[in-house]
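In this note's numbering, the protein residues as written are 513 to 677.
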């Protein structure tokens with residue numbers, strides 16, 4: 513595993529702020545040769561520190577009006593031949609991507625505590641949420657119960673850049 517030095521850390525911070533920044537501009541900001549920055553970025557990608565680049569869309573602009581956190585409890589016991597939590601979460605994500613009548617699952621987490629899976633779900637309408645909870649999730653035999661939390665407001669002070677230490 514690559515040991516990160518201060519230059520690597522600074523590159524990672526700057527790329528998180530703007531992954532479209534030209535290498536020449538990065539080199540200028542970091543006062544290093546363009547080839548050095550390019551080689552460092554390639555190495556950080558190869559080592560798995562950088563796993564991808566993406567555009568972050570505004571969900572409201574593309575029709576998603578509501579955000580919900582849905583907590584899912586999975587059935588357990590010897591009588592249930594079922595998938596594990598990871599497989600269930602992957603199935604939900606895949607089904608939502610492949611069907612237009614289901615919401616967008618942005619993230620899924622396997623969690624500890626009273627629930628097994630936490631889903632971050634963007635919804636276009638209340639009827640879409642209702643259909644997702646009552647028709648879709650309830651039809652999965654592995655799911656014992658759900659609890660839905662509607663997000664009222666996102667706290668704007670959350671850092672957008674993960675600190676590299």
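A virtual CB, placed ideally from N, CA and C, is assigned to each residue, including glycine. Please read all numbers here as calculations on a predicted model, not as lab measurements.
When the options are compared against residue i, the one with the closest alpha-carbon
i, options, result
"residue 579", "676, 589 and 641", "641"
"residue 601", "614, 616, 620 and 659", "620"
"residue 554", "535, 542, 570 and 567", "535"
"residue 569", "599, 618, 563 and 551", "618"
"residue 567", "582, 529, 585 and 647", "529"
"residue 611", "644, 628, 581 and 627", "644"
"residue 565", "531, 654, 519 and 663", "531"
"residue 583", "659, 668, 666 and 677", "659"
Assigned exposure category for residue i - 16 Cβ within 10 Å defines buried
i, result
"residue 545", "exposed"
"residue 608", "buried"
"residue 524", "buried"
"residue 614", "buried"
"residue 638", "exposed"
"residue 661", "exposed"
"residue 631", "buried"
"residue 538", "buried"
"residue 549", "buried"
"residue 586", "buried"
"residue 647", "exposed"
"residue 655", "buried"
Residues that residue i bridges to, as DSSP identifies them
i, result
"residue 659", "583"
Three-state secondary structure (DSSP) of residue i
i, result
"residue 619", "strand"
"residue 629", "strand"
"residue 635", "strand"
"residue 608", "helix"
"residue 525", "helix"
"residue 533", "coil"
"residue 538", "helix"
"residue 695", "The requested residue 695 does not occur in the structure, where the chain is confined to residues 513 to 677."
"residue 602", "helix"
"residue 649", "helix"
"residue 520", "helix"
Report the start-end ranges of each alpha helix (DSSP H) in the region 540 to 600 that is 4 residues or longer and not cut off at the edges. 546 to 558
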